[in-house]
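Structure first, commentary second.
2 protein chains.
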Amino acid sequence: MDKRKQILDSALKLFVEYGFHGTPTSLIAKEAGVANGTLFHYFATKDALVIALYVDIKSRMALYLSEQTGTQKTYKDTIREQYIASVYWALENKLEFRFTEQFKTSPFFAQIAPKEIEESLKPFYDMLYAGISEKIIKPQPVDLLFTLISSQTFGLNQYLLSHQFSKTKQHQVISDTFEMLWAMIT
Amino acid sequence: MDKRKQILDSALKLFVEYGFHGTPTSLIAKEAGVANGTLFHYFATKDALVIALYVDIKSRMALYLSEQTGTQKTYKDTIREQYIASVYWALENKLEFRFTEQFKTSPFFAQIAPKEIEESLKPFYDMLYAGISEKIIKPQPVDLLFTLISSQTFGLNQYLLSHQFSKTKQHQVISDTFEMLWAMIT
DNA sequence: AATTTTACCGACTGTTTAGTCAGTCTGTAA
DNA sequence: TTACAGACTGACTAAACAGTCGGTAAAATT
Numbered sequence: 038m039d040k041r042k043q044i045l046d047s048a049l050k051l052f053v054e055y056g057f058h059g060t061p062t063s064l065i066a067k068e069a070g071v072a073n074g075t076l077f078h079y080f081a082t083k084d085a086l087v088i089a090l091y092v093d094i095k096s097r098m099a100l101y102l103s104e105q106t107g108t109q110k111t112y113k114d115t116i117r118e119q120y121i122a123s124v125y126w127a128l129e130n131k132l133e134f135r136f137t138e139q140f141k142t143s144p145f146f147a148q149i150a151p152k153e154i155e156e157s158l159k160p161f162y163d164m165l166y167a168g169i170s171e172k173i174i175k176p177q178p179v180d181l182l183f184t185l186i187s188s189q190t191f192g193l194n195q196y197l198l199s200h201q202f203s204k205t206k207q208h209q210v211i212s213d214t215f216e217m218l219w220a221m222i223t
Numbered sequence: 038m039d040k041r042k043q044i045l046d047s048a049l050k051l052f053v054e055y056g057f058h059g060t061p062t063s064l065i066a067k068e069a070g071v072a073n074g075t076l077f078h079y080f081a082t083k084d085a086l087v088i089a090l091y092v093d094i095k096s097r098m099a100l101y102l103s104e105q106t107g108t109q110k111t112y113k114d115t116i117r118e119q120y121i122a123s124v125y126w127a128l129e130n131k132l133e134f135r136f137t138e139q140f141k142t143s144p145f146f147a148q149i150a151p152k153e154i155e156e157s158l159k160p161f162y163d164m165l166y167a168g169i170s171e172k173i174i175k176p177q178p179v180d181l182l183f184t185l186i187s188s189q190t191f192g193l194n195q196y197l198l199s200h201q202f203s204k205t206k207q208h209q210v211i212s213d214t215f216e217m218l219w220a221m222i223t
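Next up, the structure:
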């Protein structure tokens, strides 16, 4: 019954299927079961809708990650937990993953304030700093380390999404690749 | 004077700046210094232009990589050479890199025959197979290994493109990350 | 030299699209 | 019971767009 949400849901589905500009606002409204004007009641422009959708997805992802993250015994366990959580998020939210993938490489991404991005990355960076000072992690710039780690999870997500594995096999791949990642950064 | 090429060049530049659908064909023609109709003389539809551009870039990249690749002494040297060549290609062809990045995550990509993709990957896969049988590379599925390697170069490209490093520093980062990659896959 | 094919032009069009607007309906609070 | 606000509608419009077409001129083929 929440029309705003229905609009976002339909937009997500259609954007992934047809791309941002391949999807007319009229189709989004129709699919969401609302009038054309309603869409513009909630979102000033189509661009604003695209950006709102990205922000919404990012915050839901952040929530998921914070929920999944307990306090682990060792440093390695903490990193592993983060790694696994972010991979599972993508597996459980395929459309959302595909959308962010598309969004990040699009010109829209330039409209997201770099400050906000930095902000959301800080906890991660801090964790890496800690690992470096404890001489667990290789002494490389944290933003480089972060790029390498996130591009690895990114690639793994693409791999898992394009194959159909059993839960067991899937988990196997995830832990194998984590060990490989660990070998890379330590 | 080659109008087809001029159209492709302008399309590349504009697509990266405004996105596929954010760029009208009229603007591409104008920027290329040709008439509107000429664009449709060379490319039946706008979609055909997008795809032709992707194919063109891919073949130029393949050419570059084959030119850069000599026969190296050791297996590790061969892999390193490939790694370095593909990173430099992106650095020397930023627009092209950005475009393929955008293309691959777009719904257009579905129109590229999977058979052709497989074809172009085969030499790489064979090289990895060889590494596994010689017990140099970890015994993991080659498509997984390939995904991990290419997502790493991908991430590194993004990193290098978003920082301005001196040639020396740049090379430093590239060889450091190669060693990290090597640690991951062996 | 005659004929056909190809490269190229740019004005034009039918359609699609983002966004508007005048107004209805529902809840709520004075 | 009236007054107001905000959600919601869908017909509408102005602009933008992909693609067409009738035509010219040069190149290639006969």
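Chains C and W, in that order, give the protein sequences.
Heads up: the first sequence begins at 38 in the numbering used here, then just goes up one per residue.
Heads up: the second sequence begins at 38 in the numbering used here, then just goes up one per residue.
Every residue gets a Cβ at the ideal spot worked out from N, C-alpha and C, and that includes glycine.
W:F136 carries a helical assignment under DSSP once its states are collapsed to helix, strand and coil. Taking 9 Å as the upper bound on Cβ-Cβ separation, chain C lies near residues V53, E54, Y55, G56, F57, H58 and G59 of the segment 48 to 59 of chain W.
The C-beta distance from W:V71 to W:I44 rounds to 6 Å, short enough to meet the 8 Å contact threshold. In the DSSP assignment, C:M164 falls within the alpha helix (DSSP H) that extends over P151 to S170. Across the structure, W:K83 and W:K95 are spaced so that their CA atoms are roughly 19 Å apart.
The beta carbon of W:Y112 sits closer than 8 Å to the beta carbons of A167, G168, E171 and I173 from its chain, once the five residues preceding and following it are set aside; these are given in chain order. In the displayed model, W:F202 falls within coil according to three-state DSSP, outside both helix and strand.
C:S187 and W:D46 have their C-alpha atoms spaced approximately 32 Å apart. Taking the Cα positions, W:Y162 is about 11 Å away from W:T184. Note that the C-beta distance between W:L181 and C:V210 is below 8 Å. Looking at the backbone, the Cα of W:D114 and that of C:F57 are separated by about 43 Å. Membership of C:K40 in the alpha helix (DSSP H) is indicated by the continuous run K40 to Y55.
Nearest to C:D213 by alpha-carbon distance, out of C:L198, C:T190 and C:Q201, is C:T190. Note on C:Q201: under 16 other CB atoms within 10 angstroms of its CB, so exposed under the neighbour-count rule. The way I'd put it, the segment 124 to 132 of chain W doesn't touch the segment 140 to 153 of chain W; fewer than three beta-carbon pairs between them come closer than 8 Å. W:V210 reaches chain C at L181, counting residues in chain order whose Cβ is nearer than 8 Å. C:M164 places its beta carbon 8 Å or farther from that of W:M217. Between the segment 89 to 104 of chain C and the segment 126 to 137 of chain C, the count of C-beta pairs closer than 8 Å reaches three or more; the two stretches touch. Spanning the alpha carbons of W:L158 and W:A69 requires a straight line of approximately 33 Å. Sequence-distant partners of W:L76 (beyond 5 residues in either direction) whose C-beta falls short of 8 Å from its own C-beta, in its chain, are I44, T62, I65, A66, A69 and L86.
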